[in-house]
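122 is the number that this note's numbering gives to position 68 of the sequence shown; each next residue is one higher, with no gaps.
Using N, Cα and C, we set each Cβ at its ideal position, and we do this for glycine too.
Note sheet for the following structure.
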Amino acid sequence: DCVVVVEGAEDALAMHQYEGWLNNDWDVWGCGAPPSVWAVLGRSGFLNCIYPDGADVRIYLDRDQFTAVGEVAFRKFLKRLKDRMDRRQAKGLGRYFLSFFEGKAKDYNQTIIEKIENKEIINLASVTL
């Protein structure tokens with residue numbers, strides 16, 4: 055089981071629409087099945103979320119959290135999150151991966167908007183059936 059965890063609902067929706075899962079290209083994650091995408095709705099949600107036992111948890115953090123709370127507070131948050139996930143992994147409850155979104159975008163939704171503006175991908179909202 056693979057769970058992708060993001061901060062906001064917009065990020066989760068953008069991942070579902072644009073990561074190739076609709077084209078059966080989701081196995082780039084190496085999960086063996088399309089991953090579940092969870093939005094934890096805020097920084098504290100990453101710490102309070104009950105992750106499923108045995109799941110490969112991939113956490114993608116927004117860059118805007120860093121600027122919103124300041125560097126010291128954000129580093130403390132990262133340490134708490136990493137410590138929690140290290141304990142979970144040490145107990146054999148699953149692996150984890152912790153990362154920021156690619157590029158300079160503040161979050162995944164902004165990454166998708168930039169790709170649409172650069173005509174790298176099609177805006178699915180503009181497609182008429």
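CA-CA distance, SER180 to VAL111, rounds to 32 Å. Per the C-alpha coordinates, the member of ALA93, ASP107, LEU95 positioned closest to ARG149 is ASP107. ARG112 carries a strand assignment under DSSP once its states are collapsed to helix, strand and coil. Between the alpha carbons of MET139 and PRO88 lies a gap of roughly 22 Å. Counting along the chain, SER153 sits inside the beta strand (DSSP E) bounded by residues 150–154. GLN164 sits buried, since 16 or more C-beta atoms from the chains shown fall within 10 Å of its C-beta. DSSP places SER98 in the uninterrupted alpha helix (DSSP H) bounded by 97–102.
Just so you know, the alpha carbons of SER153 and ASP137 end up roughly 15 Å apart.
In the DSSP assignment, VAL126 falls within the unbroken alpha helix (DSSP H) covering 125–144. Of the residues SER90, ARG142, LYS145, SER98, the one whose Cα lies closest to the Cα of LEU115 is SER98.
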